[in-house]
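Novice: Just so we're aligned, residue 1116 is where the sequence shown starts under the working numbering, counting upward by one.
All residues carry an ideal CB built from backbone N, CA and C; glycine is no exception.
Pasting in a structure now, in structure tokens, and then I'll have a few things to ask.
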Amino acid sequence: MGVTTVLRNGNQSEASQIDRLLRLIDMDPMHSTYERLRRELASRQPEPAVWLGLLDALDRLPADARLALLLSDVFEASIDDVAALLHRDAAACRRLVDEAHERIHAAAATRK
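And the structure:
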């Protein structure tokens, strides 16, 4: 019995959110956005300070902005899907992603 089958026995709206999330995160690791990104980055590793700076900048973001950014940019979710998962309207999610981009760019500029 699959995860979505088990969840469907519970709350229907929760199950549809899980279904949406499972569609966003490709379950086949050889074809997922994350795996493609990991393979690409493995061939050209940035300096450890760059990774630490990115992780620090991500850690400083509000949780909702960090999640919106990761879903949108890393998992290539549409803003409408991000909005549905975060229970917000699309305009608010777009602002969260834009704010996250601005904060990360500002953090990178101060590290140079």
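Straight-line CA distance for Ala1221 to Arg1159?
Specialist: Roughly 24 Å separates the two Cα atoms.
Novice: Considering Cα atoms alone, identify which of Ser1187, Arg1226 and Ala1223 is closest to Cys1208.
Specialist: The shortest Cα separation from Cys1208 among Ser1187, Arg1226 and Ala1223 belongs to Ser1187.
Novice: Straight-line CA distance for Glu1162 to Arg1175?
Specialist: Each residue's Cα considered, the two are about 20 Å apart.
Novice: If you follow the alpha helix (DSSP H) that Val1165 is part of, which residue opens it and which one closes it?
Specialist: Looking at the DSSP string, the run of the alpha helix (DSSP H) that includes Val1165 is Pro1163 to Arg1175.
Novice: Roughly how many angstroms separate the alpha carbons of Phe1190 and Ala1224, rounded to a whole number?
Specialist: If I take the Cα positions, the gap works out to 25 Å.
Novice: Go ahead and pull the three-state DSSP assignment for Glu1252.
Specialist: No answer is possible for residue 1252: the residues shown for the chain start at 1116 and end at 1227.
Novice: Reducing DSSP to helix, strand and coil, say where Asp1188 ends up.
Specialist: Correct three-state label for Asp1188: helix.
Novice: How would you label Asp1196, buried or exposed, when you count the other beta carbons within 10 angstroms and need 16 or more for buried?
Specialist: Buried, because 16 or more other Cβ atoms sit within 10 Å of the Cβ of Asp1196.
Novice: Whole angstroms are fine: how far does the CA of Ala1206 sit from the CA of Arg1181?
Specialist: Answer to the nearest angstrom: the Cα atoms are 16 Å apart.
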